[in-house]
Amino acid sequence: MNKVDGHVVATYTEGGGKTYICDDYILKTEEGKKQVKDDIMRAAWNIVINARKRGINI
């Protein structure tokens with residue numbers, strides 16, 4: 357097994373490979389940080405919109 361850098365919080369095995377999910381990755385560029393914030397905002401609004409479609413007033 358190869359050494360995995362970082363704090364592994366989940367491991368997924370698919371076929372003959374493994375994927376390790378770590379919680380210590382830090383974005384270093386402003387563009388990358390903005391993209392993550394935009395993705396979070398888009399996901400949050402989708403949750404609100406879908407809840408409202410189901411009659412949940414949030």
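In the numbering used here, the protein residues as written are 357 to 414.
Cβ coordinates follow ideal geometry from the N, Cα and C atoms, glycine included.
Item: In the DSSP assignment, find the alpha helix (DSSP H) that holds residue 393 and state where it starts and stops.; Value: 386-409
Item: Measuring alpha carbon to alpha carbon, tell me which residue in 395, 362, 406 and 374 is nearest residue 382.; Value: 362
Item: To the nearest angstrom, how far is it from the Cα of residue 366 to the Cα of residue 406?; Value: 29 Å
Item: Do you know how far the Cα of residue 400 is from the Cα of residue 370?; Value: 30 Å
Item: Need the endpoints of the beta strand (DSSP E) that residue 377 sits in, please.; Value: 373-378
Item: Going by Cα to Cα distance, which pick from 389, 385 and 364 is closest to residue 378?; Value: 364
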